[in-house]
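Chains as they are written, first to last, in the working numbering: chain A, 1 to 242; chain B, 1 to 62; chain C, 1 to 502; chain D, 1 to 786.
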Amino acid sequence: MTNWCMVIDLEKCVACQGCSIACRMENNTPVVSPEEAKNGRAIRWNDVFPLPVHIAPDQGEYPNVKTHYSTRPCMHCKNAPCVKVCPVQATFIDEEGIVRQNYDRCIGCRFCTVACPYGVRYFNWSEPQWEETLAEYRNPDQLSVNGSLEGPAVRPVGVVEKCTYCVHRLVKARELAKVEGREFRADEYVPACVQTCTGKARFFGDLDDPDSTVSQLSKSLRATHLLEDSGAHPKTLYLAEG
Amino acid sequence: MNFPLEQPLFQFFYWLVNTAGVGSAVVGLLIGAAVTTFALTLRWIASAKDMGQESYPYPPKH
Amino acid sequence: MQQTLTLHDRDELITPLYKFDRKFWMVIAFLIAIITPGMLLYVRQLVLGLGVTDLNRPVFWGAYLVNFIFLIGISMAGTVISAVLQLLKVNWRRPITRIAESLTVFGLMTAGLQIIMDMGRPDRLINTLLYGRLQAPLMWDIASLTLYLLTAVFALYLQLIPDIALLRDTAPAAAPEWRKKLYSILSLGWTGAKEQWRRLEKAITVVSVFIIPIGISLHTVTSWLFSTTVQPGWKSTILGPYFVVGAIFSGIGLLFIAVSLAREYNKHLKEYITETFYINLGWIFIVMSAVWFYFTLNETLVVVTEQETLEFPVMASKLFGQFAPAFWGMNILMIAATWILVAPKFVSDKPTRNPLLQTVTGLVATGISVILFFLLWLQLPALSDPNIQTGLIIAFVLLFIVALFGVTKWMKTRLITSTVIASAFVLFGMWLERWNILMPTLTHARLIPYTTYTPTITEIAVTISTFGILTLMFVVFYKFFPSISIWEVEEGRALEQIADRR
Amino acid sequence: MTKQPLSRRDFLKVGGVAAGSAAALGGLKNVISAKADSELQTVAEERVVASTCHLCSAGCGILVRVADGKAVKLEGNPMHPVNQGALCPKGQAAPELLYNPDRLTSPMKRDRATGQLTQIQWAEAIQLTADKLNALREAGHPEQAVLMHGDTRGQMRSFLTRFMEAVGSPNIVSHESLNVAAAKLGMYLTQGIYGLPAYDLENANYVISFGANLLEAGPNPQRTISGYTFLRRGRATRGKVVVIDPRQSITASKADEWIPIKPGADAALALGMANVIIKSGLVDADFVKNYCFGFDNFVAGGDHKGFRDFVLENYDPIRVEQMTGIPSTTIARLAGEFAGNGPAIAIMPGKGGLLNGGFSGVYTAMAVHMLNALVGSIESTGGVMTQRYMPCVDYPKLPSDSVAKKGLATARIDGAGSKFPLGRNSYQSVADQILEGAPVEALFLYDANPAFETPGGKRFAEAFKKVPFIVSFSSFMDESAELADLILPEPTFLERWGDDHIEGFGYPGISLYQPVIEPLYDTMNTGDFFLKVAESMGGTIAKAFAWKSYEEVLQFRLKDIGADWELLKELGVWFNPGYRFAKRGSQHWIENVVGSERLNAPRDGYFDLYSRELNCFIGEMKKDELAKLGISQSGDGAILPHYEATAFQGDEAQYPFMLNIITLMSLGPRSDAANMPSLQEISGMTVRETWDSWLEMNPESARKLGLVENDRVKIESPFGAISTRVKLVAGLHPDVVNVPFNQGHTAVGRYARGRGVNGLEILNPASEPLTGLAAFTNTRVKVSKA
């Protein structure tokens with residue numbers, strides 16, 4: 001069984017935010033109004049942000065300053081705190097290690113958003129909107145699993161949504177392999193953020209395959225997880241700067 | 001230390017806590033039992049027949 | 001049929017149930033007036049989504065959740081008063097058991113309402129019954145809340161049965177037919193047979209035993225909603241008992257207010273609910289405040305001392321950050337409430353010549369200290385001299401102490417008023433406590449910049465509306481059922497007579 | 001949209017719970033193990049079209065997913081050398097440009113008196129333009145037709161030039177004076193090539209960037225990102241990157257070392273490093289002796305000082321420390337690292353770095369580029385390459401035309417070559433020239449929004465009043481289009497034909513734009529428009545433009561690149577990979593690498609450390625004449641690159657801060673990007689701002705002014721005042737404040753309008769007297785609480 005994993009090399013990441021917008025375009029996350037955005041309601045499943053996150057007084061003084069930037073998709077934790085608190089199993093880990101969200105079942109209690117130590121789960125505060133002609137570019141794909149909505153199709157108001165490692169692309173790639181009558185290979189699918197990464201800082205693949213890039217990189221001395229102490233056993237790996 | 005999840009007992013526990021609907025069933029069972037108990041209790045109280053002794057006036061004279 | 005109920009009691013307790021006077025309708029009108037805006041805004045929220053609140057990322061929970069915990073807390077009243085005191089055979093509880101139990105029921109109902117209001121998709125509430133998972137703490141809460149509510153309704157109903165039968169039998173001729181019918185059905189054919197009494201008492205005792213763990217479980221489980229997550233500030237082992245103590249505390253607080261309001265509304269109740277009740281329950285109140293302070297100190301001191309990188313910013317925001325007003329406001333309210341309850345106990349009843357203890361002195365001192373406080377607060381340039389400022393502060397402190405002493409006497413003579421004031425302080429303080437548990441953690445997420453949260457007009461209106469609904473349920477309920485348990489009071493009197501005879 | 005189930009397939013197999021999780025306590029994995037039935041619904045018809053992105057100067061190759069006739073997603077074209085499959089946020093957000101609700105949908109005519117817009121037919125627009133140009137030609141003044149263009153690349157540039165030349169106007173003004181011209185001049189005055197150098201970042205070991213915003217908004221950001229990440233972590237040995245910048249930009253914070261510098265003192269640092277390199281004998285002796293001019297003292301009609309002695313005398317690290325604020329030990333270390341760890345590259349400053357309004361910006365570019373020469377990094381692996389271009393089929397010779405000939409002989413309207421002897425374009429000074437009375441009868445704005453994007457751009461509003469006929473080809477009603485008489489919307493880059501030269505790798509390549517979907521509105525490619533105008537004008541001009549469509553022009557021009565048209569359309573890109581380095585002193589070297597584009601100085605293959613080209617312009621000038629140009633030195637000192645303290649506008653006591661306008665990766669250089677909501681949303685990531693502009697300030701400076709984060713502040717310069725909110729940025733020189741570019745639009749569209757302020761409004765609007773460059777970094781401001 002494949003165990004999908006993403007590796008982000010922070011030294012190659014140039015904080016361009018291409019991943020944020022690639023994700024938006026692939027997964028139909030809406031643009032919110034400026035007022036909403038100021039109120040922290042922007043929905044970008046993959047966000048780029050400066051570190052330290054909280055402007056601390058001990059950040060350093062000119063010229064002894066070093067700002068760091070990080071980018072944050074869902075960590076697809078092995079021991080996902082969000083999954084454990086969902087009362088209706090609207091979020092779950094699939095057999096390939098992807099933490100997914102069932103938009104048709106979510107009751108909008110926002111326990112998962114509160115429980116996630118990474119803040120990578122997003123809530124639809126308002127009906128997502130694309131003004132006038134902007135709606136034209138939405139990704140027409142719709143993934144449904146067991147009859148309930150999961151894919152990039154627009155989520156209704158009041159449900160939680162999150163990074164899915166672009167699972168609809170996986171389904172598509174598998175389908176393509178099937179149509180072409182061959183075995184599906186793990187390198188046939190990458191999420192949109194990996195594909196677009198300007199610095200080639202993102203890698204994606206099967207962590208259980210010892211020959212895959214991600215599993216090679218996971219052995220790097222620089223390999224680290226975000227908030228390792230959270231106990232969530234995050235899977236998305238970072239390669240530290242330096 | 002690995003969690004002994006391969007043990008059938010733990011597999012059962014795991015199934016128990018992590019299966020959508022099982023929780024509902026447990027809650028439903030709990031609530032059903034409570035409601036049933038309450039209803040039965042009320043019936044039990046209401047069904048007490050006058051034994052011909054002191055009745056309605058309260059408290060019973062000692 | 002022979003009755004021990006005096007005509008007098010009947011006049012006082014049963015006649016008002018059929019009297020829909022101006023006063024009653026005005027109260028109802030007022031309540032509907034404060035409920036309506038919130039409900040309309042809630043309908044708007046249903047249409048537009050939770051965007052109408054000030055919730056955001058990472059503050060995913062807000063005023064609704066605070067209200068939820070608060071309302072769950074006040075539901076503790078029924079368990080403590082009714083069940084614990086009943087098991088302990090405490091006699092002075094008798095007149096107030098009904099109010100206490102009804103508060104539990106109404107508190108739980110409105111608490112459930114808050115959860116639904118907080119949900120992004122209330123239309124999918126049914127999913128919790130279709131796909132519920134036991135691992136989710138929210139499921140435990142749903143289980144506990146439902147069980148508690150059912151048990152509380154059952155307990156309330158059990159205690160009501162003999163009174164309903166009484167109402168059925170004593171209904172005035174002018175009473176509407178449907179009410180007679182209602183009482184007739186609800187009384188379950190109660191005849192007061194000895195066996196019925198025996199079984200009823202047995203059932204009440206059993207329920208009283210069971211409702212205590214269920215109640216405690218609810219408050220504990222609610223605390224686990226938070227402490228089972230990995231968020232800083234919530235990973236406190238004392239959160240469970242802390243919630244329970246808070247619940248008892250606020251439960252008694254609301255009980256005091258409800259009882260006092262009921263007494264005001266129906267003056268006859270004063271004969272049943274006497275000052276003894278206030279004094280006795282006041283002692284429990286004082287003990288609870290001591291326990292509460294213990295827990296608060298516990299929670300604060302540990303975090304402050306360890307200075308853990310994630311926990312401490314949360315605590316710091318309470319101690320001197322954006323939540324300092326709420327945190328210190330809560331502490332001041334609790335200290336004030338405790339002082340109001342404790343201080344009069346040290347003052348003698350007799351007139352005193354000590355000017356410090358004169359009410360007039362107290363009122364004058366209060367006035368001046370308020371003025372001084374505002375002078376300091378305004379930071380007038382004319383008063384910027386450090387000596388003048390120090391002097392003003394000393395004067396303010398001294399006058400404030402004098403004011404406290406002066407007011408003590410006044411409070412001593414007005415036990416009920418002062419208890420109600422203390423209860424109001426406690427209620428507000430306990431609401432703030434819930435706020436202080438939730439908000440600092442939510443606004444201090446680990447990987448999202450610190451934010452703020454200010455409830456919007458929708459959330460404020462819905463909150464007001466919720467408490468309006470709670471009051472409305474209370475008022476309407478006691479238009480149908482006597483606000484004190486007649487048979488229990490009778491029982492109490494009989495027991496006293498027996499005791500006297502011996 | 002017709003949907004049909006594409007697949008119905010079980011992709012999750014039935015299985016037990018994964019046993020024995022590796023996680024210590026993570027036994028409970030919450031795995032869904034039920035048989036899942038996933039169904040993917042998508043559209044009936046889907047295809048992928050290769051094209052090129054036009055949202056910044058990089059020109060990345062894109063693959064556009066077109067589903068049911070709608071462009072739904074852009075991906076990078078893996079074949080394209082610049083982006084190699086990657087795509088930045090601007091490119092990703094391009095569908096927001098295509099489907100923008102504020103796009104112009106049809107040609108319009110404005111009534112100047114009332115300001116009223118009326119919809120017109122294209123035929124009318126073509127007729128009006130043709131009549132106007134014919135009238136100018138009949139009057140014998142075709143040079144009174146002016147075309148201002150922005151980031152126009154590929155054949156469009158040559159096509160427009162040809163059109164204007166056919167008409168008889170030399171006045172085709174590029175916006176390069178706003179950004180890359182200083183670097184190009186630096187290259188020209190030293191290496192003798194007027195163009196941006198290409199850097200072999202992939203093979204470099206040491207890269208020192210002087211204020212060049214490599215990772216955000218350089219001349220070719222995606223190319224430098226690719227090169228940068230490869231040199232950091234893409235190969236076995238890791239190269240070092242050092243960034244010299246008063247501000248810790250993203251580039252600086254990602255670099256190994258950020259060296260903050262006093263604003264405008266980069267030349268001093270470069271020369272200080274040169275001093276150490278020369279002193280320590282680390283120079284590439286072969287190169288400086290045999291292929292450089294002016295390293296040693298020389299005699300040419302008198303004794304002249306060479307670069308070596310000049311630098312040794314004047315730029316001792318101790319002195320440079322005082323000029324730059326960088327410790328002399330650091331300077332020495334940098335020099336040692338740079339010269340001792342080759343291949344090394346020193347990268348010239350870009351826009352916002354050093355164009356100081358004086359000539360000092362060009363001196364800086366020269367000084368920095370000379371560092372490359374000193375260590376022999378010119379035309380060598382891991383060093384500087386010269387950009388080669390795909391050979392395009394020459395246009396047929398223009399028919400002889402006396403009117404055009406006369407017109408072409410006139411001086412350029414923007415003063416380049418006359419008023420600004422060294423300048424090739426002076427975009428922002430067009431307004432000044434018009435206001436000073438230069439006759440402009442017809443003005444075409446292609447890809448240009450001068451009323452917004454130039455310092456003091458409001459002058460254009462005044463200037464445009466004096467121009468009777470203004471045509472805007474913008475897809476959006478931008479600030480300049482609002483002042484135009486004819487608004488002729490061009491389709492967005494996703495709906496039209498075009499091409500682009502691939503730059504940044506040295507080797508030649510062509511990247512193709514093609515319509516990925518049918519144009520949404522009644523728009524016309526400006527190329528087609530001018531073809532039709534030419535046809536309508538008749539005569540020699542019609543003859544010069546015999547093509548039926550702009551697509552045919554492209555086919556004609558790109559016939560010889562090595563790929564046929566169909567293949568090019570399929571791949572979207574064609575290039576001849578592999579850069580051939582010229583041998584020092586070879587014929588190839590002389591023809592393509594060093595000196596071949598010099599107009600005055602000899603094209604002898606010598607790299608000028610003593611700029612003979614510059615000598616041709618200012619060599620004869622006296623001290624006071626030079627002083628008027630802002631050059632404090634005279635004689636050899638004026639020719640040799642040296643540090644000129646920035647001539648700031650605004651007194652230091654009154655205006656304590658230097659204002660710097662920063663360009664962001666997200667909002668980018670083009671006005672229409674500001675109207676893309678996704679880009680607005682992510683624009684202020686570094687300072688946690690969104691949909692707004694801000695003022696970056698050092699926390700200590702802010703504290704002294706009593707300002708805290710998010711305070712509303714007024715920023716005043718001698719040229720005006722703006723108001724925005726302050727953000728405290730620890731990594732910023734205390735005397736510098738930054739405002740991001742591309743906010744503060746008053747037009748363009750609903751997402752751009754009224755968001756923040758335009759910092760360019762309060763910049764010094766003057767042009768540099770020798771080169772006609774815009775002054776970007778010599779304005780002082782004061783900041784106060786608003």
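Where a beta carbon is used, it is the ideal one built from N, C-alpha and C, also for glycine. This structure is a prediction, so every number in the text was calculated from the model and none was measured.
- Residues Pro491 and Glu495 of the same chain have their beta carbon placed closer than 6 Å to that of proline 519 of chain D, with the five preceding and five following residues left out of the count.
- The DSSP-derived three-state label of aspartate 316 of chain D is coil.
- Contact between proline 399 of chain D and threonine 540 of chain D is confirmed by a C-beta separation of about 4 Å, below the 8 Å threshold.
- Alanine 20 of chain B reaches chain A at Val88 and Gln89, counting residues in chain order whose Cβ is nearer than 7 Å.
- A Cβ-Cβ distance of about 4 Å is found for the pair lysine 12 of chain A and threonine 229 of chain D, placing them in contact under the 8 Å criterion.
- The three-state secondary structure of glutamate 625 of chain D, taken from DSSP, is helix.
- Nearest in C-alpha terms to glycine 73 of chain C, of all of C:Ile116, C:Ala395 and C:Ser223, is C:Ser223.
- Take the alpha-carbon of leucine 341 of chain C and the one of alanine 422 of chain C: they are about 7 Å apart.
- Assignment of alanine 721 of chain D by DSSP, reduced to helix, strand and coil, places it in the strand class.
- With contacts defined as CB atoms closer than 9 Å, alanine 451 of chain D and aspartate 478 of chain D qualify as a contacting pair.
- Residues of the segment 139–157 of chain C whose Cβ lies closer than 7 Å to any Cβ of chain B, in chain order: Met139, Ile142, Ala143, Thr146, Leu147, Leu150, Thr151 and Phe154.
- The criterion of a C-beta distance shorter than 9 Å is satisfied by methionine 119 of chain C and cysteine 109 of chain A.
- The DSSP assignment places complete alpha helix (DSSP H) segments of no fewer than 4 residues inside the segment 88–133 of chain C at 97–118 and 127–130, in order along the chain.
- Lysine 70 of chain D and arginine 232 of chain D have their C-alpha atoms roughly 39 Å apart.
- For cysteine 106 of chain A, the closest of C:Leu65, C:Gly132 and C:Trp92 by C-alpha to C-alpha distance is C:Gly132.
- If you draw a 10 Å sphere on the C-beta of valine 14 of chain A, you find 16 or more other C-beta atoms in it, and that means buried.
- Under the Cβ criterion of 9 Å, arginine 138 of chain A is counted among the residues facing chain D.
- Taking 9 Å as the cut-off, the beta carbon of arginine 57 of chain C is found closer than this to the beta carbon of threonine 113 of chain A.
- Under DSSP, the beta-bridge partners assigned to histidine 501 of chain D are D:Ile510.
- For the segment 115–146 of chain A, the beta-carbon criterion of a distance under 9 Å to any beta-carbon of chain D is satisfied by Trp130, Glu131, Glu132, Thr133, Leu134, Ala135, Glu136, Tyr137, Arg138, Asn139, Pro140, Asp141, Gln142, Leu143, Ser144, Val145 and Asn146.
- By the CB criterion at 9 Å, alanine 258 of chain C and alanine 48 of chain B fall outside the cutoff.
- Per DSSP, reduced to three states, the secondary structure at isoleucine 43 of chain A is coil, with no helix or strand assignment.
- When CB distances to chain D are screened at a threshold of 8 Å, the residues of the segment 44–64 of chain A falling below it are Arg44, Val48, Phe49, Pro50, Ile55, Gln59, Gly60, Glu61, Tyr62 and Pro63, in chain order.
- Judged by pairs of C-beta atoms under 8 Å, the segment 175–183 of chain C does not touch the segment 17–33 of chain B, as fewer than three such pairs exist.
- By the neighbour-count criterion, in which a residue is buried when 16 or more other Cβ atoms sit within 10 angstroms of its Cβ, alanine 702 of chain D is buried.
- Look at the segment 115–138 of chain C: the residues with a C-beta under 8 Å from a C-beta of chain B are Thr128, Leu129, Leu130, Tyr131, Gly132, Arg133, Leu134, Gln135 and Ala136.
- Shown here, tyrosine 446 of chain D sits in a strand according to DSSP, grouped into three states.
- As computed with DSSP, lysine 714 of chain D is found in a beta bridge with D:Ser723 and D:Ser784.
- Secondary-structure assignment with DSSP links tyrosine 521 of chain D through no beta bridge to anything.
- Glycine 78 of chain C sits away from alanine 111 of chain C, with the two beta carbons spaced by 9 Å or more.
- The C-beta of cysteine 106 of chain A comes closer than 9 Å to at least one C-beta of chain C.
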